[in-house]
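Taken in order, the sequence shown gives residues 3 to 129; the numbers are from the numbering used here. We put the CB at the ideal spot given by N, CA and C, even for glycine. Let me begin by presenting the structure, written as structure tokens, before commenting on it.
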Amino acid sequence: MFDMEDVGKEHDRENIVRDLMDAVQSMTTCENDVKEATEKIEKSFGVQGTIGEDHKSLLLTKIEGLKRLAGLYRVASEKYECAAERVAGGVSEEEVLAELLPYNISLNDQMSSEINCYEKILIMLKA
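What follows is the structure, encoded as structure tokens:
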């Protein structure tokens, strides 16, 4: 017999997997954006008369923060992809999402700090 409750659970599972995979894509895009920005900053060191050349020593220390931010995005992407695979494989959504909650809180705190560093660099370079 056709069970509407099972259909609803499967639909919820598909939505969660899709949302997690959207998060994977978003984190990957952010990682690539940060890497691209880091490369541009590093290239600016060698261009005479640029802010990058004038503030090379300061920017070198800030670049480490940007590299950490890119790494955080990569790790988040991997974590969300693993979670999506687990949900798709039959692990309960509640269990997977409960495991992600403390990770998301920690990740948010770390990213906020690194994004702040990133924004300061962009402001400096635009000045």
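Query, Result
"Distance between beta carbons of Val89 and Val19, contact taken as under 8 Å", "5 Å"
"Other residues of its chain near Ile123: CB distance less than 6 Å, five sequence neighbours each side excluded", "Lys64"
"Cut-off 6 Å between Cβ atoms - residues of its own chain near Gln112, not counting five sequence neighbours on either side", "Leu74"
"Classification of Val49 by the beta-carbon crowding that lies within 10 angstroms, buried from 16 upward", "exposed"
"Nonlocal neighbours in the same chain, by C-beta distance under 8 Å from Cys119, ignoring five residues either side", "Lys64, Gly67, Leu68 and Leu71"
"The region 74–83 touching the region 26–37, judged by at least three CB pairs closer than 8 Å", "yes"
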